[in-house]
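Report on the following structure.
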Amino acid sequence: MGCCFSRSPSDPEEAIRISPIHADQTSVEQGQRQQQPRVEHSLPLQDRFNRPLHRHVWVSKIPLTAGQLRLRREEYFDTRVTGRMEIWNAIRMAVDVLDEDLETAQEILNAAGVSIPTGDLRNGVFDELGNRYDLPEYCVSIPMNLLQTPDGGGDIEEKGAETDDEEAEIRREEKGKMPIHLQENIYSVTARLSDRGGPDILVRFAKNDHVRVIARRILDNAGIPPDQFRIRIAYLGKILKDNETLHESHWVDGHLVNALVFPKT
């Protein structure tokens, strides 16, 4: 009887019997690993690994003009098919103001729940669901060797920039105008403020009113003190230039705009 239990582990029949058991166990373990649910961020932004935003410094191998840089950025953002569109729009708005207003860019990303593990947009960012968003260098900052052209090659730097005499500019534009209800080509636009959950603000404006004038009316209608806060208007993921009109920015009548409220520094 002892010989019945003294079979060597090297016996071929035993090896055949044992081998399938290990194979089954391996396949089950692999299946379990493949079926494991994706781990998503469940912690609020302030509790996740998130460093303060800083500007990315780089030199383009092929020097670009401001116009070429703008076109490359627009092409990149307009062709995104993965990730959440509202996150891409927030990143785009942050990039638009990053070089001139780092604090505003950080506030835009915080409001969208975007975390930056390294503080550098070039190294990728994450939304609240754990989706990663990668950005090429030309999308995160202006290169050190940006080419200046006689035909306004520095237009990137002036995008959305406010002048020190903003109040004077607004008064100059408003001076001599008829009351809004007596003017022709009057439109209404609904603005959604970033500092509250509602209600939205409805303002009326003339077709040739600049964005800065509309932003001031939003401040007044919302009861926000203009000496302490300022508004930047965003539409379709872009920060609009203060010296352009809504129609020049391709605004469509009936569309809502975002009013980003920031304290004056």
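Counting from 1, one number per residue, gives the positions in the sequence shown under full-length UniProt numbering. Yeah, the Cβ is synthetic: ideal placement off N, Cα and C, and Gly gets one too.
Residue state for Phe-77 is assigned as helix, using DSSP reduced to three classes. Looking at the DSSP output, Arg-192 bridges to Asn-258. Nearest Cα to Ala-215 within the set Asp-242, Lys-207, Gly-197: Asp-242. Under the DSSP assignment, Leu-98 falls in the alpha helix (DSSP H) whose first and last residues are 85 to 98. When only Cα atoms are considered, Arg-92 and Arg-232 end up about 14 angstroms apart. Looking at the backbone, the Cα of Val-114 and that of Thr-190 are separated by about 26 angstroms. Here Thr-104 carries a helix assignment [DSSP, helix/strand/coil]. Within the same chain, and ignoring the five residues on either side of Gln-106 in sequence, the residues whose Cβ sits closer than 6 angstroms to its Cβ are Leu-53. If you compare the alpha carbons of Ala-222, Asp-134, Gly-237 with that of Arg-230, the shortest gap goes to Ala-222.
The residue from Asp-220, Pro-143, Gln-228, Glu-75 with its alpha-carbon nearest to that of Thr-65 is Pro-143. Pairing Ile-116 with Ala-94, the inter-Cα distance amounts to about 13 angstroms. In its chain, beyond the 5 residues on either side, Arg-51 have a beta carbon closer than 7 angstroms to the beta carbon of Thr-118. Beta-bridge annotation (DSSP): Phe-229 is paired with Pro-263. Comparing alpha-carbon positions, the option among Gln-148, Asn-123, Val-97 lying closest to Phe-262 turns out to be Val-97.
Between Leu-236 and Ile-108, the C-beta spacing is not below 8 angstroms. In the same chain as Ile-218, and ignoring 5 residues on each side of it, the C-beta atoms closer than 6 angstroms to its own belong to Ala-191, Ile-201, Val-203, Ile-231, Ala-259, in chain order.
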